[in-house]
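**Q** Following this message is one structure expressed as structure tokens.
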Amino acid sequence: MLYALKIAIRYLTASKAQTALLVLGVAVGVFIFVFMSALIGGLADFILSRTVGDISHVTIKAEDAEPAILISPEGHVLAVTEKGRMRTATLAEAATWIPLIEAVRGVVAVSPQITGAGFLTRGAQVAQVSVTGLEPGRESAILNLDGYMVEGAARLGSGLVVLGQRLADDLSLGLGQTLRLQSSGGVSTMLTLSGIFQTGNGMIDSSSVFVSLPTARTLFAMPQGVTRIEIKLADLNAADATALRIRGLTGLDVVPWTDGAEQLKEALNAQAQTGYFLKSFALITIVIGVASALLLSTYRRRPEIGIMRAMGAGRGFVVVVFVTQGALIGLLGGLMGAGLGYLALLPFPSREAFRPGTLPMDITQGSYGLAITLTVLGAILASILPARAAARVDPVTAISQ
Amino acid sequence: MSALVRVEGLVKTFGSGEAATRVLRGLSLTLQAGELTALLGPSGSGKSTLLTILGTLMKPTAGSHSMLGTDLVAADDRALTLFRNLHIGFVFQFHNLLPDFTALENVVFPTAVREGRETAAARTRGRELLARMGLAERIDFPTANLSGGQKQRVAVARALMNRPELVLADEPTGNLDRAAAMQVMALISEINRDEGTTFLISTHDEKIASLCRRQVVVGDGVVTG
Numbered sequence: 001m002l003y004a005l006k007i008a009i010r011y012l013t014a015s016k017a018q019t020a021l022l023v024l025g026v027a028v029g030v031f032i033f034v035f036m037s038a039l040i041g042g043l044a045d046f047i048l049s050r051t052v053g054d055i056s057h058v059t060i061k062a063e064d065a066e067p068a069i070l071i072s073p074e075g076h077v078l079a080v081t082e083k084g085r086m087r088t089a090t091l092a093e094a095a096t097w098i099p100l101i102e103a104v105r106g107v108v109a110v111s112p113q114i115t116g117a118g119f120l121t122r123g124a125q126v127a128q129v130s131v132t133g134l135e136p137g138r139e140s141a142i143l144n145l146d147g148y149m150v151e152g153a154a155r156l157g158s159g160l161v162v163l164g165q166r167l168a169d170d171l172s173l174g175l176g177q178t179l180r181l182q183s184s185g186g187v188s189t190m191l192t193l194s195g196i197f198q199t200g201n202g203m204i205d206s207s208s209v210f211v212s213l214p215t216a217r218t219l220f221a222m223p224q225g226v227t228r229i230e231i232k233l234a235d236l237n238a239a240d241a242t243a244l245r246i247r248g249l250t251g252l253d254v255v256p257w258t259d260g261a262e263q264l265k266e267a268l269n270a271q272a273q274t275g276y277f278l279k280s281f282a283l284i285t286i287v288i289g290v291a292s293a294l295l296l297s298t299y300r301r302r303p304e305i306g307i308m309r310a311m312g313a314g315r316g317f318v319v320v321v322f323v324t325q326g327a328l329i330g331l332l333g334g335l336m337g338a339g340l341g342y343l344a345l346l347p348f349p350s351r352e353a354f355r356p357g358t359l360p361m362d363i364t365q366g367s368y369g370l371a372i373t374l375t376v377l378g379a380i381l382a383s384i385l386p387a388r389a390a391a392r393v394d395p396v397t398a399i400s401q
Numbered sequence: 001m002s003a004l005v006r007v008e009g010l011v012k013t014f015g016s017g018e019a020a021t022r023v024l025r026g027l028s029l030t031l032q033a034g035e036l037t038a039l040l041g042p043s044g045s046g047k048s049t050l051l052t053i054l055g056t057l058m059k060p061t062a063g064s065h066s067m068l069g070t071d072l073v074a075a076d077d078r079a080l081t082l083f084r085n086l087h088i089g090f091v092f093q094f095h096n097l098l099p100d101f102t103a104l105e106n107v108v109f110p111t112a113v114r115e116g117r118e119t120a121a122a123r124t125r126g127r128e129l130l131a132r133m134g135l136a137e138r139i140d141f142p143t144a145n146l147s148g149g150q151k152q153r154v155a156v157a158r159a160l161m162n163r164p165e166l167v168l169a170d171e172p173t174g175n176l177d178r179a180a181a182m183q184v185m186a187l188i189s190e191i192n193r194d195e196g197t198t199f200l201i202s203t204h205d206e207k208i209a210s211l212c213r214r215q216v217v218v219g220d221g222v223v224t225g
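Quick mapping for you: the protein sequence lines, in order, are chains L and Y. Sequential numbering from 1 applies to the first sequence in this note's numbering. Sequential numbering from 1 applies to the second sequence in this note's numbering.
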């Protein structure tokens, strides 16, 4: 094996220019593979972060009261309770569950919330809004309010409200101004505008207001419990498994973000498939390039192969010499291509700093190890045909050439 | 002396049907251990085919072939490859060295390919052989930088590397000038005398043949003299 390696290296170094071109060709294929991996991976992360990055990855919703019928002993219907009509569903034991949920692997933030509809009034102007009560200190746990603030602060205290830029513009609101917020249940309170945000999401920016959890309790007459618990995960793709785990732990109605996100998943899958195709073509190019170059080498070295066979080299030895050449070409090309790919990706901003108008390349998703491994395997595969052809060389014919 | 190689009724036919060409037509020959034999005959007489069969690079169409008591007709490719490596050396007309290797690397090849690496012992043996061929100063030279006579001496050294019982030389001096040819023949005679290695040398050259103790003449696929 060691001797076959020496022969293979000697053959490769004997034709330096040819070998260099071959390695370069493989490197270009690997470069494309790495570049595509970083682009497809970065793009997928970018799309996910823009679509679901600021929403709850796993949500625990209060189950509506089940419909019930009260029947007298005589069989008469005494009362009918329709689902969701009698009261706002609540998670009464939220305080008990939160520490348990926080301990679940992969959970990075938990946000108990009270949500409901309301009307924001300033003078004669009225706007229908979606009200979310957040726990002070966890304002940016799910939606990164801190990061989106354009004026003021995201801190929610007693009597404070934070709302979107478009809503503020619609109502001509400025920081420090007072406004009235009335819940759908008719409870109203005066609040001071302490912050204005702009998420880029028109729905949120024009109709969402955030208040503290105690303020929401007052508005929605909910002295204890919450209406939902939103959970953020370290890995978006772990939402289904984590939801199952939390459901098993709490017995509550736990919904992962993937529920109802089939279109997004299909789009991401289609994008991933495109990436696989492009990477496969790059690999196929490598295999064809290595195979053709080694076939040529086999033909050129037929007399030498004949001599080796005459001197006692077995067919297996000849196969190993040519397969080793393929593996070395793959390894060198793989390392060079992966290195060039890494260097080419360095100037791109990190995934945390993607800016509009730039390619969302993610240098961490270059699949460098996979690219090198697949290239070496592909090159070995490509060299088997030439190696077998070399092993079949008839020494008598080859020596007489 | 005892019989080292024995072939009887050797037939070799190339092609089939109307295009079939019978090169050997029942050739029989015995080589005794330690012989220095010249194989003479006109072109197309079957000399090279006989050497190829004796070198286990080709099997006869019919007939028997044994060496050191081993039936080489029945052996498979793997067994023949090992047998060839251990017991038979080759010297070709055009030296047929590996062009990308040095003189020493060429000489140690037959041992290294069997052992899987170039051992220190093999390199020592290779250096000794090259020194004996008068190439001590050319050991690490790429073979491309050697003269024709030097290349052929490297080829002789390579043929002797594994201490084979039989060395087959197909026109070993055919591509050399007279001085170089005589130098190579002198080395072959010396090794035959000192080490008892059996040589079968195919040649057209009567002068070269006269340096061998035995002459075998092949004509029309059989031994004629």
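We treat Cβ as the ideally placed atom computed from N, Cα and C, and that holds for glycine. Keep in mind it's a predicted model, so treat the numbers as computed, not measured.
Check the Cβ-Cβ distances between LEU104/Y and every residue of chain L, and say whether any is below 8 Å.
**A** On the second sequence, position 104 is the one that residue 104/Y refers to. No - not a single Cβ of chain L is within 8 Å of the one on LEU104/Y.
**Q** For LEU176/Y, which residues from the same chain have a beta carbon less than 7 Å from its beta carbon, with the 5 sequence-adjacent residues on both sides left out?
**A** Counted from its first residue, the second sequence places residue 176/Y at position 176. Excluding positions up to five away in sequence, the list reads GLY148, GLY149, GLN152, VAL184.
**Q** Going along chain L in order, which residues have a C-beta closer than 7 Å to the C-beta of PRO110/Y?
**A** Sequence index remark: in the second sequence, residue 110/Y carries index 110 (1-based). Correct list: MET311, GLY312.
**Q** Out of curiosity, what's the CA-to-CA distance linking GLY200/L and GLY147/L?
**A** As a working mapping, residue 200/L is identified with position 200 in the first sequence. As a working mapping, residue 147/L is identified with position 147 in the first sequence. Those two C-alpha atoms are separated by around 12 Å.
**Q** Along the chain, which unbroken stretches of the alpha helix (DSSP H) at least 4 residues long are found entirely within the region 13-62 of chain L?
**A** Counting only runs of 4 or more, we get 16-51.
**Q** Is it the case that the Cβ atoms of GLY291/L and LEU385/L are separated by a distance below 8 Å?
**A** Start at 1 with the first residue of the first sequence, and residue 291/L comes out as number 291. Start at 1 with the first residue of the first sequence, and residue 385/L comes out as number 385. Note that residue 291/L is Ala in the sequence shown here, rather than Gly. Yes, Cβ-Cβ distance for ALA291/L and LEU385/L is below 8 Å.
**Q** Please compile the residues from chain Y whose C-beta is within a distance smaller than 7 Å of the C-beta of ALA14/L.
**A** By 1-based counting over the first sequence, the position of residue 14/L is 14. By Cβ distance, chain Y contributes ASP100.
**Q** Rounded to a whole number of angstroms, what is the C-alpha to C-alpha distance between MET182/Y and ASP220/Y?
**A** Reading the second sequence from its first residue, position 182 is the one you call residue 182/Y. Reading the second sequence from its first residue, position 220 is the one you call residue 220/Y. About 29 Å.
**Q** Less than 8 Å between CB atoms is the rule here; does PHE141/Y satisfy it with respect to chain L?
**A** Position 141 of the second sequence, counted from the start, is the residue given in the question as residue 141/Y. No, its Cβ sits nowhere closer than 8 Å to a Cβ of chain L.
**Q** Could you tell me if VAL318/L is buried or exposed, where buried requires 16 or more neighbouring beta carbons within 10 angstroms of its beta carbon?
**A** Counting from one through the first sequence, the residue named residue 318/L turns up at place 318. Its Cβ being crowded by 16 or more others within 10 Å, VAL318/L is buried.
**Q** Can the beta-carbon of ILE40/L be found closer than 8 Å to that of GLN271/L?
**A** If you number the first sequence from 1, residue 40/L lands on position 40. If you number the first sequence from 1, residue 271/L lands on position 271. Going by C-beta atoms, ILE40/L is nearer than 8 Å to GLN271/L.
**Q** Does DSSP put PRO360/L in a helix, in a strand, or in coil?
**A** Position 360 of the first sequence, counting from 1, holds the residue named residue 360/L. Coil.
**Q** VAL23/L CB to nearest chain Y CB: under 8 Å?
**A** Your numbering for residue 23/L matches position 23 in the first sequence. No, no contact with chain Y.
**Q** Any residues in the region 114-136 of chain Y with a beta carbon nearer than 8 Å to a beta carbon of chain L? Which ones, in chain order?
**A** ARG114, GLU115, GLY116, ARG117, GLU118
**Q** Is it true that the CB of VAL156/Y sits closer than 8 Å to the CB of LEU187/Y?
**A** As a position in the second sequence, residue 187/Y is number 187, starting the count at 1. As a position in the second sequence, residue 156/Y is number 156, starting the count at 1. Going by C-beta atoms, LEU187/Y is nearer than 8 Å to VAL156/Y.
**Q** If we cut at 8 Å on Cβ distances, does ASN96/Y have a partner in chain L?
**A** If you number the second sequence from 1, residue 96/Y lands on position 96. So yes, ASN96/Y belongs to the interface.
**Q** Short of 7 Å in beta carbon distance, which residues of its chain neighbour ASP456/L, apart from the five on each side in sequence? Order them along the chain.
**A** A query on residue 456/L cannot be resolved here, the shown segment of chain L reaching from 1 to 401 and no further.
**Q** Answer with yes or no whether the minimum CB distance from TYR299/L to chain Y is below 8 Å.
**A** Translated into positions along the first sequence, residue 299/L becomes position 299. For TYR299/L, the answer is no, since every Cβ of chain Y falls outside 8 Å of its Cβ.
**Q** Identify each residue in the region 315-335 of chain L for which the Cβ-Cβ distance to at least one residue of chain Y is less than 8 Å, and report them in chain order.
**A** ARG315, PHE317
**Q** Can you find at least 3 beta carbon pairs, one from the region 191-211 of chain L and one from the region 135-152 of chain L, that sit closer than 8 Å?
**A** yes
**Q** Using a beta-carbon distance below 8 Å, is LEU160/Y in contact with chain L?
**A** One-based indexing of the second sequence puts residue 160/Y at position 160. With 8 Å as the cut-off, LEU160/Y does not count as an interface residue toward chain L.
**Q** Could you tell me if THR37/Y is buried or exposed, where buried requires 16 or more neighbouring beta carbons within 10 angstroms of its beta carbon?
**A** The residue labelled residue 37/Y in the question sits at position 37 within the second sequence. So THR37/Y ends up on the buried side.
**Q** What residues in its chain sit with their C-beta under 8 Å from that of ARG214/Y, if we drop five residues either side in the sequence?
**A** On the second sequence, position 214 is the one that residue 214/Y refers to. Around ARG214/Y: GLU35, LEU36, THR37, ALA38.
**Q** How would you list, in chain order, the residues of chain L whose beta-carbon sits under 7 Å from the beta-carbon of PHE92/Y?
**A** The residue you call residue 92/Y lines up with position 92 of the second sequence. Those are ILE399, listed as they occur along chain L.
**Q** Let's test the definition: count the other Cβ atoms within 10 Å of the Cβ of TYR405/L and tell me whether it reaches 16, buried, or not, exposed.
**A** This structure gives no information on residue 405/L, because the portion of chain L shown stretches from 1 to 401.
**Q** Is the shortest distance between the beta-carbon of ILE380/L and the beta-carbons of chain Y less than 8 Å?
**A** Taking the first sequence and counting its residues from 1, one reaches residue 380/L at position 380. Chain Y contact via Cβ: absent.
**Q** Would you list, in sequence order, the uninterrupted beta strand (DSSP E) runs of no fewer than 3 residues that lie entirely inside the region 147-184 of chain L?
**A** Counting only unbroken stretches of 3 or more residues, the beta strand (DSSP E) elements lying wholly within the region 147-184 of chain L are 149-152, 160-164, 178-183, in sequence order.
**Q** Under 8 Å, do LEU4/Y and MET67/Y count as touching if we go by C-beta distance?
**A** As a working mapping, residue 4/Y is identified with position 4 in the second sequence. As a working mapping, residue 67/Y is identified with position 67 in the second sequence. Taking 8 Å as the cut-off, the Cβ atoms of LEU4/Y and MET67/Y count as close.
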